[in-house]
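Just so we're aligned, residue 5 is where the sequence shown starts under the numbering used here, counting upward by one. First up is the structure itself, then whatever we jot down about it.
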Amino acid sequence: LPTYSRIFEVLHSKAEELGVQLEPAKFVCDFETALIPAIQGNFPNTQVQGCFFHFCQAVLQQVGRLGLRNDYINNQEIRKKVKMLMALAFLPVHLVSAGFEIINVGTSSELEALFQYFQQEWLPATKIKLWNVHGVSVRTNNHLEGWHSRMNKRARKHHLGFYQFLQLILDEQS
5 LPTYSRIFEV
15 LHSKAEELGV
25 QLEPAKFVCD
35 FETALIPAIQ
45 GNFPNTQVQG
55 CFFHFCQAVL
65 QQVGRLGLRN
75 DYINNQEIRK
85 KVKMLMALAF
95 LPVHLVSAGF
105 EIINVGTSSE
115 LEALFQYFQQ
125 EWLPATKIKL
135 WNVHGVSVRT
145 NNHLEGWHSR
155 MNKRARKHHL
165 GFYQFLQLIL
175 DEQS
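Take a look at the structure:
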């Protein structure tokens, strides 16, 4: 079994052992290729919400891969178009494709590859619901990543023993 599915299988097993019903309403996660199908397969009644921060990060990384970083920094029109692409996440799902077409009108040739990438990677109907944050109150998992970072710093090493980890958690709760 792939790692995520195995982790979820163990979680389900432990929850059952403890008499806990493990049915989260929503997962907020980044866009790891293996993670989303594992969540959907192991929690079929759970909504999967992609993290808005990671969505924007993916778009900006593509800007860099396409050699547009300096243009993004120095050219206001290019920066505006890129930000408009990321802002599509705030439109109602049914308006995203139309919004994309509107901002694509008059786009310079320098951004053609970025718009093609966005259309292929983010505009398929099954994907829009993952990254769209219209009406969503929790749009990122940054608070959890901050907590993980703080816990890692407090732990001061990668692999704590069970009792050291337990003490770390107890200290965090107090």
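Heads up, the beta-carbon is just placed ideally off N, CA and C, and yes, glycines get one too. Predicted, not measured: the structure shown is a model, and the values here were computed from it.
- Our two residues, residue 139 and residue 65, have alpha carbons roughly 26 Å apart in a direct line.
- When DSSP states are grouped into helix, strand and coil, residue 35 belongs to the coil group.
- C-alpha of residue 123 to C-alpha of residue 22: approximately 45 Å in a straight line.
- The continuous alpha helix (DSSP H) containing residue 80 extends over residues 80 to 91.
- Rounded to whole angstroms, the separation of the alpha carbons of residue 32 and residue 96 is 18 Å.
- Boundaries cannot be given for residue 109, as no beta strand (DSSP E) includes it and DSSP labels it neither H nor E.
- Within the DSSP bridge table, the entry for residue 54 names 33 as partners.
- When C-alpha distances from residue 81 are compared across 101, 108, 10, 92, the shortest belongs to 108.
- Rounded to whole angstroms, the Cβ separation of residue 119 and residue 111 is 6 Å, and the two are in contact under 8 Å.
- Assigned with DSSP and collapsed to three states, residue 24 falls in coil, not helix or strand.
- With 16 or more other CB atoms across the displayed protein chains lying within 10 angstroms of its CB, residue 136 is buried.
- The residue from 28, 69, 8 with its alpha-carbon nearest to that of residue 39 is 8.
- With contacts defined by Cβ atoms closer than 7 Å, residue 35 and residue 93 do not form a contacting pair.
- The C-beta distance from residue 30 to residue 50 rounds to 6 Å, short enough to fall under 8 Å.
- By the C-beta density criterion, residue 58 is buried, having at least 16 other C-beta atoms within 10 angstroms.
- Using a 10 angstroms sphere on the CB of residue 76, the tally of other CB atoms reaches 16 or more, which defines it as buried.
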